[in-house]
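Trainee: Going by our numbering, the residue at position 331 of the sequence shown is 350; the numbering climbs one at a time, nothing skipped.
Where is the CB? At the ideal position from N, CA and C, for every residue including glycine.
Computed from a prediction, not measured in an experiment: that's the story for all the values here.
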Amino acid sequence: MRPPTPGLRKAAPDRLRLSPLLRLLILTQLAFNIGFFAVLPFLAEHLGQAVGMAGWLVGFVLGLRTFSQQGLFVVGGALADRYGIRPVVLTGCVLRIAGFVWLGYATATGAVIGAVLLIGFAAALFSPAVESEVARQAVLWEEGGGGSRTRVLALLTVAGQAGAFVGPLLGALLLAVDFRTVCLAGAGIFVLVLAGHAWLLPQRIPGRGGVRLRGGLGKLLRNRRFLALCCAYGAYLLAYNQLYLSLPDEVERATGSQAALAWLFALSSLLVVIAQLPVTRWVGERLTLRRSMVAGLLLIAAGFTVVAAARPAHWTGTAALLPSAGFVVLLTLGQMLVAPVARAWIPDLAEEGRLGLYTGALSSISGLIVLIGSSATGTLLDSGLPAAVPWLVLAAVPVAAIGALPRREGLDTAVRQRP
């Protein structure tokens with residue numbers, strides 16, 4: 020899929036006037052994340068205390084969930100290309116409902132593992148299907164004079180972050196009853212999503228025809244520009260993952276506990292919800308896709324550098340949280356640039372008819388990079404090096420990723436994104 024020809028785009032309206040299908044899919048992202056994050060933040064404690072799993076087994080189960088979801092996105096994307104998004108999304112919703120109900124009643128290790136794998140695979144079905152169709156519709160919206168496709172992808176990011184913010188609040192309220200109630204509530208949300216999509220999602224979406232499953236993966240693996248984008252996006256995800264790996268260590272060092280983490284996570288989510296669309300519009304008036312990603316990666320590197328510069332002072336107490344807050348703000352600003360732009364770039368790199376496969380592969384390949392990189396990061400943090408060194412090394416990762424970005428953007432090098 021190609022960006023529009025220069026000079027043919029109309030002036031964009033101030034407001035996003037989206038098609039009914041795009042509105043449905045973006046609301047879907049919101050509902051998905053509310054249901055998912057109502058359960059996920061409380062899973063580890065449930066497994067350790069209520070089920071009685073050892074710490075290593077809890078980590079193993081959580082890793083299985085990530086693998087069954089992120090690692091299999093490429094499968095879900097390929098199935099969406101072959102059969103269309105409706106059957107894939109509906110099947111994913113059914114599996115997520117079954118997984119949550121099963122998890123709510125599971126007490127044995129085997130049952131918990133089965134439920135977690137089902138929950139993860141459900142997302143591997145519906146998420147790439149929804150994301151790829153949003154990207155395809157965003158390109159059509161852009162070609163019709165609506166404005167830059169990145170604004171639509173940014174709205175998808177906002178919906179996801181809003182769900183990630185509301186979900187834990189809902190889960191915390193329901194946890195006053197018990198974890199089973201939380202799981203059943205999550206399942207109930209997906210029942211509503213299933214019913215809404217069975218009614219509203221078209222049987223056939225114009226312009227999206229089925230393609231054969233065979234042959235697509237080989238061409239993908241030979242697509243150097245797409246693989247370069249995956250490497251750069253994987254570096255961004257590795258940096259973003261430090262919210263859960265390096266940041267807790269820094270917060271505990273500064274204050275003696277991790278209590279402030281909840282506020283820092285809330286700060287990140289609220290920044291995306293409030294600022295994502297204005298930031299995307301402002302940047303879209305000035306930068307191409309590649310330059311947007313470069314700016315985002317540099318902001319992320321600056322966030323790590325802020326903490327590295329402050330570490331030699333050995334500050335403690337509430338004031339010592341300022342570098343961590345600066346890190347979160349800069350990392351989130353970088354995320355606002357990188358995440359929607361990477362997805363907006365995929366249609367220009369994907370083989371015709373296989374947008375789902377490429378969307379899923381972006382998540383699967385970058386997830387593998389995060390898995391390998393997180394192990395290296397953990398070793399780095401425990402290495403006993405001077406306090407600033409691990410953060411400087413982490414700052415170098417997004418800077419190095421800039422060199423991995425595709426050099427050519429096709430027509431987009433000559434045309435700035437317009438809001």
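1) Suppose the cutoff is 6 Å on Cβ atoms and the five residues either side in sequence are ignored; what does the same chain contact list for F245 look like?
2) Where are the alpha helix (DSSP H) runs, 4 residues long or more, that stay fully inside the segment 79-119, in chain order?
3) Can you grab the Cα-Cα spacing for the pair F209 / T110, in whole Å?
4) I think L316 touches A363, with their Cβ atoms under 8 Å apart; what is that distance to the nearest whole Å?
5) What residues in its chain sit with their C-beta under 6 Å from that of I319, if we drop five residues either side in the sequence?
6) Pick from G322, V357, L49, L374: whose alpha carbon is nearest that of S311?
7) Is the beta carbon of G139 closer than 8 Å to that of Q222?
8) Out of curiosity, what's the CA-to-CA distance linking V185 and A57?
9) Tell me which same chain residues have a C-beta within less than 6 Å of the C-beta of A420, skipping the five on either side of it?
10) Classify H216: buried if its beta carbon has 16 or more other beta carbons within 10 angstroms, exposed otherwise.
11) Apart from the five residues on each side of it in sequence, which residues of its chain come closer than 6 Å, Cβ to Cβ, to A12?
12) Would you call the CB atoms of A361 and L213 closer than 8 Å?
13) Go ahead and pull the three-state DSSP assignment for Y263.
14) What residue from R170, A329, G207 has the CA that sits closest to P405's CA?
15) Sort T85, V292, R241, F55 by Cα distance to R115 and report the nearest one.
16) Output the distance between the C-alpha atoms of T24 and S265, rounded to the nearest integer angstrom.
17) From L9 to G322, what distance separates their C-alpha atoms?
18) Contact check, P147 vs F86 under 8 Å by CB: the rounded distance?
19) For Y124, count neighbouring C-beta atoms within 10 Å of its own C-beta (all shown protein chains included) and say buried if the count is 16 or more, exposed if not.
20) Note down, in chain order, each residue of its chain lying with its Cβ closer than 6 Å to the Cβ of L283, except the 5 sequence neighbours on either side.
21) So, helix, strand or coil for S38, using DSSP?
22) With a 10 Å radius around its C-beta and 16 neighbouring C-beta atoms as the bar for buried, classify P366 as buried or exposed.
23) Shortest alpha-carbon distance to Y102 belongs to which of W218, G375, S385?
24) Using 8 Å as the threshold, is the C-beta distance between L172 and V153 below it?
25) Quick check on this structure: which residue in Q68, V94, V70, T200 has the alpha carbon closest to the alpha carbon of S382?
26) Measuring CB to CB, does V292 end up less than 8 Å from Q180?
27) With H, G and I counted as helix, E and B as strand and the rest as coil, what does DSSP make of I224?
28) In this structure, does DSSP put M355 in helix, strand or coil?
29) My guess is that P187 and P267 are in contact by the Cβ rule of under 8 Å, so how many angstroms apart are they, rounded?
30) With P417 as the anchor, note down where its alpha helix (DSSP H) starts and where it stops.
31) For T47, which residues of its own chain have a beta-carbon under 6 Å away from its beta-carbon, when the five flanking residues on both sides are left out?
32) Quick one: give me the first and last residue of the alpha helix (DSSP H) that A332 is part of.
33) Quick one: residues in its chain with C-beta nearer than 6 Å to the C-beta of R426, no 5 flanking neighbours on either side, listed in chain order?
34) Relative to the alpha-carbon of N242, which residue among E370, T378, A97 has its alpha-carbon at the smallest distance?
Mentor: By the coordinates alone:
1) Answer for F245: L368, listed in chain order.
2) For the segment 79-119, whole alpha helix (DSSP H) runs of length 4 or above, ordered along the chain, are 92-102.
3) The C-alpha of F209 lies about 11 Å from the C-alpha of T110.
4) Cβ atoms of L316 and A363 stay farther apart than 8 Å, at about 16 Å.
5) Only A258, L350, G353, P417 meet the Cβ criterion.
6) That would be V357, whose Cα lies nearest to the Cα of S311.
7) No, they are not a contact pair.
8) As the crow flies, the alpha-carbon of V185 is around 8 Å from that of A57.
9) Excluding residues within five positions, the ones whose Cβ falls inside 6 Å are A251, A254, L316.
10) With at least 16 other beta carbons inside 10 angstroms of its own, H216 counts as buried.
11) With the chain covering only 20 through 438, there is no way to say anything about residue 12.
12) Taking 8 Å as the cut-off, the Cβ atoms of A361 and L213 do not count as close.
13) Coil at Y263, not helix or strand.
14) Selected option, being the one with the closest Cα: A329.
15) Closest option to R115, Cα to Cα, is F55.
16) Only weak support exists for where T24 lies, its pLDDT of 36 falling under 50; the value from the coordinates is given anyway. Distance between T24 and S265, taken at the CA atoms: about 44 Å.
17) Because the chain in this structure spans residues 20 to 438, residue 9 falls outside the shown range and cannot be described.
18) Not really, about 15 Å apart at Cβ, beyond 8 Å.
19) Exposed is the call here.
20) Cβ neighbours of L283 beyond the five flanking positions: V347.
21) Residue state, collapsed to three classes: coil.
22) P366 comes out buried.
23) Comparing Cα-Cα distances from Y102 to each of W218, G375, S385, the minimum goes to G375.
24) One thing to note: L172 has its Cβ within 8 Å of the Cβ of V153.
25) Closest in alpha carbon position to S382, among Q68, V94, V70, T200, is V94.
26) Going by C-beta atoms, V292 is nearer than 8 Å to Q180.
27) In the structure shown, the three-state DSSP call for I224 is coil.
28) Helix at M355.
29) With a Cβ gap of about 16 Å, P187 and P267 do not count as contacting.
30) First-last of the alpha helix (DSSP H) with P417: 407-423.
31) V149, listed in sequence order.
32) In the DSSP assignment, A332 falls outside any alpha helix (DSSP H) and carries neither an H nor an E.
33) Here the set comprises nothing.
34) Of the listed residues, the one whose Cα sits closest to N242 is E370.
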